[in-house]
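Below is one structure; the comments refer to it alone.
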Amino acid sequence: METDIFGHKSNSTYFTDIDIARVHLVTTMFGEGIETIRGGTTMNGLSRKPYSKFSLALGAVSCTFQKELLPYETYDMWTRILSWDDKWLYIVTHFVKKESAIYPRRSSLYPEQGVKDASNFGQDKVNSESAESQAAAGGLARYPIAASAMSKVVFKNGRRTIKPREMIAASGLLGNKNHGETEREGSIDTAACENATEKERQRGMRIASMLANQIDLEKEFNGDVALGRHHDGFGVEGVVATLAQLGKISNFQLI
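If you count the sequence shown from 1, position 69 lands on 78 in the working numbering, and the numbers rise without skipping.
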């Protein structure tokens, strides 16, 4: 593990982990939609189909560090979709210390996995629901989140932007009518599901707006005044200037 001067997990390595978790989540949840657009899930050049221009582009990522992670300390990454708008899909990732023994009450993708894993936990283990209750009561010792990150990504097919809702629908994530239901019953359940989804999307957007509004940061750029130009010291000029300063031959500052 890469560490900083304090012997903690280096901040920059969190972003590498976030990249991996984000891609894993997207390819898992949007597999059907990706297959529909690309014509398959095989790598380009191996599928014997036209080269696909489908891609997932990262627009921004922000991470808040709350607790340190020591070298070789184990942790889980909990990643989920927070919200989406007409262009961006917002994803959150939490770094949860393994010592907290937090585990999901069930696994929606692999139902059998939750049952098997839960049997390995003793009475001193807690699930995510009880952990949240403890956190609200101030018992953060058993609910240690080392860091929380938010990413915004966009689906692209060449230069064309694919709206997140289109990908969600293509992947069958908006809820469909169950087999055997009448049209009326199915429409009621679908409408209720869509209303609940939209309510949750709007709730998530209130948090995601903090990252979405960072686009205004570019307006803060001011090219009129600067302290000076700082060089990294590489190249012949940098080496000569640095040696001259160290040898007290010159007081010239390469800045």
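Yeah, the Cβ is synthetic: ideal placement off N, Cα and C, and Gly gets one too.
Opening and closing residue of the alpha helix (DSSP H) in which residue i lies
i	result
residue 24	20-38
residue 110	Here residue 110 belongs to no alpha helix (DSSP H), and DSSP marks it neither H nor E.
residue 12	Segment: none, residue 12 is in no alpha helix (DSSP H) and carries neither H nor E.
Spatial neighbours of residue i in its chain, beta-carbon cut-off 8 Å, leaving aside the 5 residues before and after
i	result
residue 161	67, 68, 69, 70, 97, 98, 99, 100, 217, 220, 221
residue 41	179, 180, 181
residue 33	88
Residues near residue i in its chain [Cβ-Cβ closer than 7 Å; skip 5 each side]
i	result
residue 125	Residue placement at residue 125 cannot be trusted, given a pLDDT of 47 that sits under 50; what the coordinates show is reported in the next sentence. Nothing listed; no residue qualifies.
residue 65	35, 162, 164
residue 259	253
Through-space distance from residue j to residue i, alpha-carbon basis
i	j	result
residue 198	residue 205	11 Å
residue 168	residue 223	23 Å
residue 18	residue 103	15 Å
residue 232	residue 245	28 Å
residue 27	residue 87	10 Å
residue 236	residue 248	22 Å
residue 106	residue 112	11 Å
residue 120	residue 229	49 Å
residue 211	residue 250	56 Å
Cut-off 6 Å between Cβ atoms - residues of its own chain near residue i, not counting five sequence neighbours on either side
i	result
residue 213	91, 92
residue 63	46, 47, 166
residue 159	71, 101, 220
residue 39	176, 180
Distance between beta carbons of residue j and residue i, contact taken as under 8 Å
i	j	result
residue 155	residue 81	14 Å between Cβ atoms; not a contact.
residue 183	residue 207	That belief does not hold up - the Cβ atoms of residue 183 and residue 207 are roughly 10 Å apart, past 8 Å.
is_contact[residue i, chain D] using C-beta, thresh 9 Å
i	result
residue 28	This model lacks chain D altogether, as it is built from one protein chain only.
The beta strand (DSSP E) enclosing residue i, as first and last residue numbers
i	result
residue 70	63-74
residue 156	154-166
Segment contact, 8 Å Cβ cut-off, at least three pairs: the region 15-24 with the region 72-83: Judged by pairs of C-beta atoms under 8 Å, the region 15-24 touches the region 72-83, as three or more such pairs exist.
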